[in-house]
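So the structure is just underneath, and the comments pick up after that.
Protein chains: 2
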Amino acid sequence: MSIQVKLIESPNGIADCPGFKTSGVACDIRGKGDLELLDLALLTSEEPCHAAGVFTLNDVCAAPVLVCKEILTSPSAKVAGIVVNSGNANAATAEQGMIDAKEMSAIAQLETGMGSPFLVCSTGRIGRKLPMQNIKSGITIAAKALSEESQNSLDAADAILTSDTGRKCATAQFTYEGKTLTVSGIAKGAGMIEPNMATMLAFLATDLDVDNAALKNTLVQACNKTFNRISIDGDMSTNDTVLLLANGKSGLVPDDSPELLQAFREAVFMVCDTLAEKIVGDGEKITKLVELIVEGCQTEDDAEKVARCVGNSLLVKTSWYGSDPNWGRLADAAGYARIGLKEACFDIHYNEVPALISGIPQDNKLSEWKAIVAKKRFRITLNLNQGSGSFRLLTSDLSEAYVNFNKSE
Amino acid sequence: MSIQVKLIESPNGIADCPGFKTSGVACDIRGKGDLELLDLALLTSEEPCHAAGVFTLNDVCAAPVLVCKEILTSPSAKVAGIVVNSGNANAATAEQGMIDAKEMSAIAQLETGMGSPFLVCSTGRIGRKLPMQNIKSGITIAAKALSEESQNSLDAADAILTSDTGRKCATAQFTYEGKTLTVSGIAKGAGMIEPNMATMLAFLATDLDVDNAALKNTLVQACNKTFNRISIDGDMSTNDTVLLLANGKSGLVPDDSPELLQAFREAVFMVCDTLAEKIVGDGEKITKLVELIVEGCQTEDDAEKVARCVGNSLLVKTSWYGSDPNWGRLADAAGYARIGLKEACFDIHYNEVPALISGIPQDNKLSEWKAIVAKKRFRITLNLNQGSGSFRLLTSDLSEAYVNFNKSE
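Take a look at the structure:
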């Protein structure tokens with residue numbers, strides 16, 4: 005009998021997982037004198053814990069990303085937790101950025117008195133030095149405030165947000181041999197969201213007793229199917245980071261139980277999938293969430309190329325914004341993926357309603373297409389009927405408000 | 005002594021070149037009852053002429069593109085001219101689209117009574133059948149109206165426009181052995197403008213006596229350096245076509261004169277370059293034209309990747325729109341080209357003013373950057389200092405008005 009993995013209702017973030025403490029505080033990292041806006045979070049494990057990370061592939065990689073990679077270089081590395089700020093990405097900040105990221109990690113360790121290093125993350129404006137005085141006072145307060153309380157955990161989830169309009173939490177649980185195993189997670193997104201993550205941070209915690217290698221393997225698999233299949237604006241960020249911490253507190257060890265490991269993977273996938281969808285659903289000034297399914301390609305890579313061309317096309321996105329079922333723009337964008345699309349084999353559906361079958365427009369369905377693209381969420385399926393490769397991309401429309409929102413920072 | 009090639013002032017389009025006749029008429033192709041809007045043009049040569057074409061690389065390729073390619077298959081093919089409509093792209097129109105494109109070409113030949121086939125082009129909405137009755141009556145009127153008059157030539161230049169706000173003409177001339185050689189051209193652009201052309205049409209005419217192979221060679225070289233280095237919205241169209249007709253009327257033959265051939269190439273380049281810049285300058289609802297220069301890459305291909313990532317980034321384009329010198333977004337986009345950019349070697353300049361030198365922000369120049377990005381046209385140079393590969397891309401900002409303009413058709 006397979007293990008039932010379930011998402012819990014009303015997740016509270018990291019503190020849903022036993023053995024983790026959190027806090028979220030305000031220290032005016034944006035330098036605007038706002039002492040209400042939470043902008044620094046600490047996530048810690050009672051005991052040093054195993055950890056794994058997945059990071060941006062951008063050549064311009066923020067200093068904290070490099071510091072995390074360094075800490076996780078050793079296969080047996082254990083960490084104390086994560087320190088993270090919003091409001092400043094500490095990216096494109098040259099040598100000073102590396103010095104600051106390392107100092108941020110060291111201050112967290114000092115202020116919490118823990119024996120293992122802290123992973124460190126930043127998100128926000130690129131190209132500005134971290135305000136280290138504010139960071140330092142923030143960490144000092146945050147260290148004192150650490151607790152297992154739900155409110156603290158929600159504060160931490162709020163403190164990592166930038167242009168997000170709401171916090172993003174997800175927690176999955178299951179029972180195995182009478183014990184409960186938890187995977188909890190929080191994320192931030194909103195803009196600069198594309199392939200291989202992009203301006204998003206996600207932090208997951210679990211009480212499974214598992215080593216770094218198995219954690220990494222699980223996390224990579226989950227990211228490839230979730231965070232790496234969302235796109236808001238096609239911009240990959242310098243700071244994308246997903247971290248997974250495992251403190252072993254459940255007493256469950258997957259070493260000799262493929263069934264347990266499988267259930268754990270499922271739980272990590274479910275948390276990542278839920279957070280990924282929340283990120284797209286809260287994309288900057290979006291009005292529509294579109295599930296784009298590309299099928300019938302010769303390979304999955306081909307399907308991904310088509311999905312990304314269509315999902316990132318300005319003309320496609322603006323037509324969705326206008327509730328215009330302009331399938332011609334979809335066909336155009338699919339064509340410039342240049343994977344050998346044959347028009348005479350090409351089908352397009354809005355939800356279940358055909359727009360194009362074997363390259364022939366189904367114009368009598370126009371009113372049905374219109375009704376579908378007027379919805380806040382809909383599905384578009386492109387079937388090239390040339391093979392069995394497929395790819396699913398969660399994407400969004402592009403609004404005038406997005407342009408206005410991003411025209412200056 | 006090298007030949008002086010010059011662009012003429014106040015070009016009048018195709019009719020600037022001796023031996024070509026044109027007309028532009030209104031035949032309500034959009035089906036809106038508008039009998040004022042010019043939407044069909046004929047361009048003809050007195051005598052059958054040589055021709056070459058460069059076309060979209062989109063897998064979804066409009067029917068008229070396929071018909072042109074077919075006509076130009078024979079290396080010695082001669083054509084009567086070009087028939088072109090705006091308002092309907094005749095793309096993604098399946099079998100009927102091919103039948104219609106061929107008929108459009110045949111009607112032009114019949115109505116003009118010429119002995120060679122017509123190349124055929126369409127531009128406008130994708131996925132709708134051509135209104136063949138209107139096309140037919142349009143061609144009939146246009147054939148009767150054909151003349152060498154400048155006003156006719158301007159009407160033809162207007163008839164090919166879609167969302168353009170103004171006509172686009174350029175003419176280059178030079179003198180060789182006492183004879184004048186002319187290259188004249190017209191274009192349309194506005195949206196769906198990206199690599200390898202994209203929703204653009206350009207038609208060039210010359211009175212050089214030259215065969216199809218040399219024409220093609222010249223045209224490909226010119227396109228690669230001009231129309232293929234502009235981007236407005238990153239969308240490659242189904243209909244991109246550049247055609248070059250040569251009627252030999254000047255009596256000049258380049259066969260034994262590399263100098264003449266070189267001057268001709270220069271003239272074709274100058275006309276294409278001028279039209280390309282006019283296309284970006286008239287991009288849909290743009291407010292700024294940006295000359296993006298990427299230097300110091302290991303190869304030209306790498307430089308092109310960086311230029312396209314930066315020039316097509318929504319976050320970069322929106323920041324330009326807002327006159328925000330957000331060089332961090334430039335660095336981010338350059339980084340996700342993933343060509344191995346080294347931050348410590350990376351320089352960014354706005355015009356002549358440094359923003360980043362060897363990866364170090366030049367924050368004391370902030371007011372100067374701001375003044376530059378507030379201009380309607382400026383230059384940004386990214387130097388990776390890792391080699392000698394470079395690429396120049398003409399691109400634009402992205403405005404709220406673009407989104408509004410394209411949200412429905």
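Chains as they are written, first to last, in the working numbering: chain A, 5 to 413; chain B, 5 to 413. The C-beta atom is built at its ideal place from N, Cα and C for all residues, glycine as well.
Using a Cβ cut-off of 8 Å (strictly closer), state whether TYR354(A) contacts chain B. Position 350 of the first sequence holds residue 354(A). At a cut-off of 8 Å between beta-carbon atoms, TYR354(A) makes no contact with chain B.
With hydrogens ignored, establish whether the beta-carbon of VAL272(B) is closer than 7 Å to any heavy atom of the ligand SAH. As far as ligands go, the structure on display features none, and thus does not contain the ligand SAH.
Coarse secondary structure for THR184(A), derived from DSSP in three states: For this step, residue 184(A) is matched to residue 180 along the first sequence. Strand, per DSSP.
Partners in chain A for GLY344(B), counting only beta-carbon separations shorter than 9 Å: As a first step, residue 344(B) must be located in the second sequence, where it is residue number 340. Here the neighbours are ASP63.
Can you check whether the CB of LEU248(A) is closer than 8 Å to the CB of LEU208(A)? Along the first sequence, one-based indexing puts residue 208(A) at 204. Along the first sequence, one-based indexing puts residue 248(A) at 244. Contact flag set, yes.
Taking the straight line between their C-alpha atoms, what separation do you get for THR3(B) and TYR406(A)? The structure shown does not extend to residue 3(B), since chain B spans only 5 to 413, so no value can be given for it.
Where does PHE268(B) sit, in a helix, a strand or coil, going by DSSP? The residue given as residue 268(B) occupies position 264 in the second sequence. In this structure, DSSP gives PHE268(B) a helical state, which the three-state scheme calls helix.
Assuming ALA311(B) contacts LEU334(B) under a Cβ cut-off of 8 Å, what Cβ separation, rounded to an integer in Å, is found between them? Locating residue 311(B) in the second sequence gives position 307, where the first residue counts as 1. Locating residue 334(B) in the second sequence gives position 330, where the first residue counts as 1. Incorrect: roughly 11 Å between the Cβ atoms, too far for contact.
Does THR77(A) pass the burial test, meaning 16 or more other C-beta atoms within 10 Å, or should it be called exposed? The residue given as residue 77(A) occupies position 73 in the first sequence. So THR77(A) counts as exposed.
Can you tell me whether PRO262(A) is buried or exposed, with buried defined as 16 or more other CB within 10 angstroms of its CB? Reading the first sequence from its first residue, position 258 is the one you call residue 262(A). Counting Cβ neighbours within 10 Å, PRO262(A) comes out exposed, since fewer than 16 surround it.
Could you round the C-beta distance between GLY28(A) and ALA45(A) to whole angstroms and report it? I think they count as a contact, below 8 Å. Start at 1 with the first residue of the first sequence, and residue 28(A) comes out as number 24. Start at 1 with the first residue of the first sequence, and residue 45(A) comes out as number 41. Correct: roughly 5 Å between the Cβ atoms.
Just curious, the beta strand (DSSP E) that ASN156(A) is in, first and last residue? Reading the first sequence from its first residue, position 152 is the one you call residue 156(A). Segment 154-163 is the alpha helix (DSSP H) holding ASN156(A); no beta strand (DSSP E) there.
Same chain, Cβ closer than 7 Å to ILE343(B), five either side skipped, listed in chain order: Counting from 1 along the second sequence, the entry for residue 343(B) is found at position 339. Once the five neighbours on either side are set aside, the close Cβ partners of ILE343(B) are CYS301, ASP306, LYS309, VAL310.
When you compare each of ALA218(A), THR60(A), LEU388(A) to ALA250(A) by their alpha carbons, which one comes out closest? Taking the first sequence and counting its residues from 1, the one referred to as residue 250(A) is at position 246. The shortest Cα separation from ALA250(A) among ALA218(A), THR60(A), LEU388(A) belongs to ALA218(A).
Beta strand (DSSP E) runs contained entirely in the segment 267-314 of chain B, provided each spans 3 or more residues: Runs of beta strand (DSSP E) with 3 or more residues, each lying fully within the segment 267-314 of chain B, are found at 293-301, listed in chain order.
In whole angstroms, give me the CA-to-CA distance for ASN243(A) and ASN232(B). In the first sequence, residue 243(A) corresponds to position 239, counting from 1. In the second sequence, residue 232(B) corresponds to position 228, counting from 1. Rounded to the nearest angstrom, the gap between the Cα atoms of ASN243(A) and ASN232(B) is 32 Å.
Assign LYS289(A) to buried or exposed, taking buried as 16 or more other Cβ atoms, counted over all protein chains shown, within 10 Å of its Cβ. By 1-based counting over the first sequence, the position of residue 289(A) is 285. Classification for LYS289(A): buried.
Kindly indicate which residue of ASP159(B), ILE111(B), THR48(B) has the alpha-carbon position closest to the one of LYS140(B). In the second sequence, the residue the question calls residue 140(B) occupies position 136. Looking at ASP159(B), ILE111(B), THR48(B), the one whose alpha-carbon comes closest to that of LYS140(B) is ILE111(B).
Count the C-beta pairs between the segment 155-173 of chain B and the segment 48-60 of chain B that are closer than 8 Å, then say yes if the count reaches three, no if not. The segment 155-173 of chain B makes no contact with the segment 48-60 of chain B, as fewer than three CB pairs between them are under 8 Å.
My output table needs one value for ILE33(B): the three-state DSSP class, helix, strand or coil. Along the second sequence, read from residue 1 onward, the residue named residue 33(B) stands at position 29. Residue state, collapsed to three classes: coil.
For ALA96(B) and LEU279(B), what's the separation of their Cα atoms in angstroms? Here residue 96(B) is taken as the residue at index 92 of the second sequence, counted from 1. Here residue 279(B) is taken as the residue at index 275 of the second sequence, counted from 1. So the alpha carbons of these two residues sit roughly 27 Å apart.
Three-state secondary structure (DSSP) at GLU356(A)? By one-based count along the first sequence, residue 356(A) stands at place 352. Here GLU356(A) sits in coil by DSSP.
Any 3 or more C-beta pairs closer than 8 Å across the segment 124-138 of chain B and the segment 82-100 of chain B: Counting Cβ pairs under 8 Å, three or more are found: they touch.
Bridge partners of GLY91(A), per DSSP? By 1-based counting over the first sequence, the position of residue 91(A) is 87. The partner list for GLY91(A) (beta bridge, DSSP) reads GLY128(A).
In this structure, does DSSP put SER27(B) in helix, strand or coil? Position 23 of the second sequence, counted from the first residue, corresponds to residue 27(B). SER27(B) falls in the strand class under three-state DSSP.
Amino acids of chain A, ordered along the chain, whose beta-carbon sits closer than 7 Å to that of LYS411(B): Here residue 411(B) refers to the residue found at position 407 of the second sequence. From the beta-carbon of LYS411(B), the residues of chain A found nearer than 7 Å are THR322, SER323, TYR325, GLY326, ASP328.
Report the residues of the segment 394-410 of chain A with a CB closer than 7 Å to any CB of chain B, ordered along the chain. Within the segment 394-410 of chain A, the residues whose Cβ lies closer than 7 Å to some Cβ of chain B are LEU402, SER403, GLU404, VAL407, ASN408, ASN410, listed in chain order.
Residue interval of the alpha helix (DSSP H) (run including ALA405(B)): Taking the first residue of the second sequence as position 1, residue 405(B) is located at position 401. From DSSP, the alpha helix (DSSP H) with ALA405(B) extends over 404-410.
Specify the secondary structure class of ILE75(A) as computed by DSSP and reduced to three states. The residue given as residue 75(A) occupies position 71 in the first sequence. Secondary structure at ILE75(A): helix, using DSSP grouped into helix, strand and coil.
Of all the options LEU114(B), ASN387(B), ASN228(B), ARG132(B), which has the alpha carbon lying nearest to the alpha carbon of LEU370(A)? Here residue 370(A) refers to the residue found at position 366 of the first sequence. If we check each option's Cα against that of LEU370(A), ARG132(B) comes out closest.
Just checking: is the beta-carbon of GLY339(B) within a distance shorter than 8 Å of some beta-carbon in chain A? As a first step, residue 339(B) is located in the second sequence; it is residue number 335 there, counting from the start. Yes, GLY339(B) lies at the interface with chain A (some Cβ there is under 8 Å from its Cβ).
Indicate whether VAL294(A) and PHE409(A) have their beta-carbon atoms separated by less than 8 Å. Residue mapping note: residue 294(A) aligns to position 290 of the first sequence, counting from 1. Residue mapping note: residue 409(A) aligns to position 405 of the first sequence, counting from 1. Cβ distance not < 8 Å, so VAL294(A) and PHE409(A) don't count as in contact.
Distance, THR210(A) Cα to LEU256(A) Cα: Counted from its first residue, the first sequence places residue 256(A) at position 252. Counted from its first residue, the first sequence places residue 210(A) at position 206. Rounded to the nearest angstrom, the two C-alpha atoms are 11 Å apart.
If you draw a straight line from the C-alpha of ILE364(B) to the C-alpha of SER412(A), how long is it? Stepping through the second sequence from its first residue, residue 364(B) is reached at position 360. Stepping through the first sequence from its first residue, residue 412(A) is reached at position 408. The alpha-carbon separation between ILE364(B) and SER412(A) amounts to approximately 22 Å.
Return the chain-ordered list of same chain residues with a C-beta closer than 6 Å to the C-beta of THR322(A), the five sequence neighbours on each side being excluded. Working through the first sequence from its first residue, we reach residue 322(A) at position 318. Shown here for THR322(A): same chain residues with a beta carbon closer than 6 Å to its own, the five before and five after excluded, namely LEU402 in chain order.
Can you find a CB in chain A that lies within less than 8 Å of the CB of GLU372(B)? As a working mapping, residue 372(B) is identified with position 368 in the second sequence. False, the Cβ-Cβ gap to chain A never drops below 8 Å.
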